[in-house]
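**Q** Those letters in the sequence shown? Residues 0 to 376, by numbering that gives the first Met the number 0.
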Amino acid sequence: MKTINVGIVGFGFMGKTHTYGYKTMPIYYDRLPFRINLRGVCDSVEETASNAKEELGFAYATTNPLEIFNDPDIDVVDICTPNIFHKEGILAAVSAGKHIYCDKPLAANLDEAEEILNAVKNADCINQMALQYRFLPATLRAKQLINEKKIGKILSFRAVYLHSGSINPNKPIGWKQDKNFGGGGVLLDLGSHVIDLMYWLLGEYDSVIAETRVLYGKRPDKNGILIDINADDLALLTVRMKDGSIGTIEASKIATGTNDELRFEIHGDKGAVSFNLMEPNWLCYYDNQEPEAPLGGSKGYTKIECVQRFEKPGGLFPGPKFSIGWIRGHVHSLYNFIDNVYKNTAASPSFQEGAYVQKVMESAYVSAQTHQWIKIN
């Protein structure tokens, strides 16, 4: 059995999430043809890295990412650092001949994303983005219905990703509220997910007009000192798609009353689909071909029980009927990547797709500055 050695760079929230995925993959997927070995973990905080090694079984811990990139035994580098460090890490991993899994967005800006694409273009490097909402049974079913033309020609859509964590003006800022580390604000953080989902489901964007908002001009840092805020809390986009449909996209961390609410509604001339991450077991499907009838007949939305009905070898544990959770999408995304590494085949969503999402986001920022429609080439 082939062993795939993994090194993780950055052990915050996402580093822990991806580690959970690697460790539980053999439980969720029966009789895998490969074994995953957690070889090295790196974090800028020595105690964090050391604790990860002791508690989660990494062979070694370090504060120097070059030890991960230059380790000849490591096959896969998983990059979970703040956005501003993605390019540097990816270029080092490519130079060292590693396969790469990277948290979204691909980079802090489009120039860096294009530099990454040039680096991987001729490299023997299987690469994938952590855009895990493509990997839930409900969103996979939505893709299937759209591809089968069950909802017909796409007419319009609305898609949102809403959090409420930035409403409190006294909450200390993290790196995602600092453009110097994130490259942007909520558009790059949450918006990248919903922009990618619509790209995956509906195809390429044609043009965008956008507006962004910063709720408070200053927020406290961890020491209570007020500092200027340069990262958006809210982004609103109206987009035209190349298939002729139009839609709206919203990303917000100031949506009072929300928790982790990613939802979309897509309307076609033959039907519609809708999804809400807060009810992840279901995809709602409307068949407009059903005839009108007294008392309603069979016309109306159907809740498809997607639950954990993954295609094999997924879905066997804990079973197809058990409710799904947020982290399961991460595990399936990682499985998709590692399976492609094992087979030596291209993975998706690739860095190429991540760079396209970056282009849409950068176009939205340009639009917000100029108050004009921006064409996306």
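Where is the CB? At the ideal position from N, CA and C, for every residue including glycine.
For clarity, every value in this text was computed on a predicted model and none was experimentally measured.
I'd like the span of the alpha helix (DSSP H) that includes residue 140, first residue to last.
**A** 136-146
**Q** Which of the three DSSP states is assigned to residue 94 in this structure?
**A** helix
**Q** Would you kindly work out how many angstroms separate the C-alpha atoms of residue 336 and residue 64, rounded to a whole number?
**A** Residue 336 and residue 64: Cα-Cα distance of roughly 22 Å.
**Q** Give me the Cα-Cα distance between residue 87 and residue 301, rounded to the nearest whole angstrom.
**A** 47 Å
**Q** Checking 9 Å against the spacing of the C-beta atoms, do residue 182 and residue 83 come in under that value?
**A** yes
**Q** What whole-angstrom Cβ distance do residue 130 and residue 103 have, given they're in contact under 8 Å?
**A** 6 Å
**Q** Closest to residue 261 by CA distance: which of 49, 144, 325, 309 is it?
**A** 325
**Q** Just how far apart, CA to CA, sit residue 37 and residue 151?
**A** 45 Å
**Q** Hey, how far is the Cα of residue 160 from the Cα of residue 132?
**A** Their Cα atoms are separated by approximately 11 Å.
**Q** Could you pull the DSSP bridge partners for residue 302 from this structure?
**A** For residue 302, which the question treats as bridged, DSSP gives the partners 283.
**Q** Beta strand (DSSP E) containing residue 155: first to last residue?
**A** 153-161
**Q** Would the segment 63-81 count as touching the segment 5-18 if we require 3 or more Cβ pairs under 8 Å?
**A** yes
**Q** Taking contact to mean at least 3 C-beta pairs separated by less than 8 Å, is the segment 206-218 in contact with the segment 234-247?
**A** They touch, by the three-pair rule.
**Q** Name the DSSP bridge partner or partners of residue 288?
**A** Per DSSP, none; premise fails for residue 288.
**Q** Please look up how many angstroms separate the CB atoms of residue 229 and residue 178, rounded, as I've assumed it's under 8 Å.
**A** 4 Å
**Q** By the three-class DSSP mapping on this structure, what secondary structure does residue 340 have?
**A** helix
**Q** Using CA coordinates, which residue listed in 32, 240, 50 is at the minimum distance from residue 0?
**A** 32
**Q** Does DSSP put residue 263 in a helix, a strand or coil?
**A** strand
**Q** What whole-angstrom Cβ distance do residue 89 and residue 340 have, given they're in contact under 8 Å?
**A** Going by Cβ atoms, the distance from residue 89 to residue 340 rounds to 16 Å, so no, they are not a contact pair.
**Q** Terminal residues of the continuous alpha helix (DSSP H) containing residue 208?
**A** First-last for residue 208: 204-212, but that is the beta strand (DSSP E), not the alpha helix (DSSP H).
**Q** If residue 28 and residue 312 are in contact, beta carbons under 8 Å, what's the gap, nearest whole angstrom?
**A** That pair is a contact at about 5 Å.
**Q** Please classify residue 247 as buried or exposed, where buried requires at least 16 neighbouring CB atoms within 10 angstroms.
**A** exposed
**Q** When the distance is taken between beta carbons, is residue 263 closer than 9 Å to residue 158?
**A** yes
**Q** Leaving out the 5 sequence neighbours to the left and right, which residues in its chain are closer than 8 Å to residue 355 when beta-carbon positions are compared?
**A** 198, 203
**Q** Answer yes or no: do residue 191 and residue 368 have a C-beta to C-beta separation smaller than 9 Å?
**A** no
**Q** Assuming residue 60 is part of the beta strand (DSSP E), what are its boundary residues?
**A** 59-61
**Q** Rounded to whole angstroms, what is the Cα-Cα separation between residue 76 and residue 15?
**A** Taking C-alpha positions only, residue 76 is separated from residue 15 by approximately 14 Å.
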